[in-house]
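Engineer:
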Amino acid sequence: MPTTRNVAWDGRLQAFKGRDTTLYVTTAADLAKTCASCRVPLEPGEPVSLLVDITQSAAPDGTEYLTFTDSVCHRRCSGPALTVRQTPWQPETLSPVAARVILTQKSDGGQARVVPALAFTFVPVLSFREDGGELTSALVALLLARGFQLAMSHDYAAILEQAAEAAANCRITIAPGGLLRLRLDGEILYREQLHPANADDAEWLQAAANSGNILVISGDNLNITETGLDIRPAARHGTLVIGTVQVSGVGTFASTSRLREQRRTP
Ligand SMILES: [Zn+2]
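As structure tokens, then:
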């Protein structure tokens, strides 16, 4: 039974993850907050086991797709495990997880620039392999092929410095009712209904309208929860992808909301 740091894992995982195996193991353990079996919070460094569920499917073009769903247990609650299931090809089973934040960038002159950011990923992580080659992240590969960049740091100041515009065929549109859509080559990759009546959503929409660009933070291993966004595991794993995307449509929203505000003010 191989053990990396405090994490025991099933040796068959190596056949799927190759040289990324130990990084995958430690990243999964770092992301886990509670034992998947007894639900007691995990203490740093205590002996744990990694349990991985892999699904395999073949796309019509013959490419092999794999999803990895993992959980972490106290060693006393469960030993390491690995299950592999063959599933029909159905890429739409992935669910997005997202967070929206507003970042501030200070220029040399001391001026502050407000940058709206959209962070999203898909669960479980989808990987593919062509002709028995290296395992590749489907989302990371898709975004890098459209002009997004691999972020070298989890530091937001460095990300704002590095982020460049994605390919011209990447667009974000926001409908007057608040429906946000990110399209690559006309295909919708991500959609979310924002609520202009909600103060947080309204503030973010206003920032998007003022800026005309949205910083997209994506890739695999983004830790997005109800309470926050942690991009350190993604940066450590080399799967953090960034890029700025032009936004259109939001101006319409912003002007109508300003109009409403003016009417409310006596
Ligand atoms: Zn436990």
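Take the sequence shown: its letters are residues 192 to 457, numbered as in my numbering. We treat Cβ as the ideally placed atom computed from N, Cα and C, and that holds for glycine.
If you draw a straight line from the C-alpha of Leu-241 to the C-alpha of Ser-262, how long is it?
Structural biologist: About 6 angstroms.
Engineer: Within 7 angstroms: the Cβ of Ser-228 and any heavy atom of ligand 1?
Structural biologist: Yes, ligand 1 has a heavy atom inside 7 angstroms of this Cβ.
Engineer: Is Val-263 helix, strand or coil by DSSP?
Structural biologist: Note: Val-263 maps to strand in three-state DSSP.
Engineer: Assuming Phe-311 contacts Val-292 (C-beta within less than 8 angstroms), just tell me the rounded distance between them.
Structural biologist: Wrong, their Cβ atoms sit about 12 angstroms apart, outside the cutoff.
Engineer: Quick one: is Trp-395 buried, meaning 16 or more other Cβ sit within 10 Å of its Cβ, or exposed?
Structural biologist: That one is buried.
Engineer: If we require 4 or more residues per run, which alpha helix (DSSP H) segments fall completely within the region 338-401?
Structural biologist: Runs of the alpha helix (DSSP H) inside the region 338-401: 347-353.
Engineer: So, is the C-beta of Cys-264 closer than 8 angstroms to a C-beta in chain D?
Structural biologist: Given the protein chain composition of this structure (a single chain), no chain D is represented.
Engineer: DSSP has Phe-207 in a bridge; who is on the other side?
Structural biologist: Note: Phe-207 sits in no beta bridge, so no partner.
Engineer: By Cβ distance below 7 angstroms, which residues in the same chain neighbour Glu-255 in space, the five residues on each side in sequence not counted?
Structural biologist: Counting only Cβ-Cβ distances below 7 angstroms, and skipping sequence neighbours, we find Gln-247, Ala-249, Phe-319, Arg-320.
Engineer: Counting C-beta neighbours from all protein chains within 10 Å, is the total for Ile-379 16 or more, i.e. buried, or is it exposed?
Structural biologist: It counts as exposed.
Engineer: Helix, strand or coil: which one does DSSP assign to Ala-290?
Structural biologist: Looking at Ala-290 - three-state DSSP - the assignment turns out to be strand.
Engineer: How would you call Val-198, buried or exposed, if buried means at least 16 neighbouring beta carbons within 10 angstroms?
Structural biologist: With 16 or more Cβ atoms within 10 Å of its Cβ, Val-198 is classed as buried.
Engineer: Going by DSSP, which residues form a beta bridge with Arg-304?
Structural biologist: DSSP lists Gln-296 as partners of Arg-304.
Engineer: So does His-141 have its beta carbon nearer than 7 angstroms to some heavy atom of ligand 1?
Structural biologist: Residue 141 lies beyond the range of the chain shown here (192 to 457); nothing can be said about it.
Engineer: List the residues that DSSP assigns as beta-bridge partners of Val-331.
Structural biologist: Answer is none; Val-331 lacks a bridge partner.
Engineer: Residues in its own chain within less than 7 angstroms of His-386 by CB, not counting five upstream and five downstream?
Structural biologist: So the list reads Gly-369, Asp-392, once near-sequence residues are dropped.
Engineer: Please say whether Pro-232 and Thr-225 have beta carbons closer to each other than 8 angstroms?
Structural biologist: For Thr-225 and Pro-232, yes; Cβs fall inside 8 angstroms.
Engineer: List the DSSP bridge partners of Ser-409.
Structural biologist: Partner(s): Val-432.
Engineer: Which of helix, strand or coil does DSSP assign to Asp-244?
Structural biologist: Residue state, collapsed to three classes: strand.
Engineer: State whether the region 290-306 contacts the region 264-282, with contact taken as three or more CB pairs (one from each stretch) at a distance under 8 angstroms.
Structural biologist: No: fewer than three Cβ pairs fall under 8 angstroms.
Engineer: Helix, strand or coil for Val-275? Go by DSSP, reduced to three states.
Structural biologist: Note: Val-275 maps to strand in three-state DSSP.
Engineer: For Cys-361 and Gly-440, I'd like the C-alpha separation in whole angstroms.
Structural biologist: Cα-Cα distance, rounded: 14 angstroms.
Engineer: Within a Cβ cutoff of 7 angstroms, which residues of the same chain sit near Gly-403, ignoring the five residues on either side of it in sequence?
Structural biologist: If we look at Gly-403 and ignore the five residues flanking it on each side, its Cβ neighbours are Gln-437, Val-438.
Engineer: For ligand 1, I want to know if Cys-361 counts as a neighbour, meaning its beta carbon is within less than 7 angstroms of at least one of the ligand's heavy atoms.
Structural biologist: Not so, every heavy atom of ligand 1 lies at least 7 angstroms from the Cβ.
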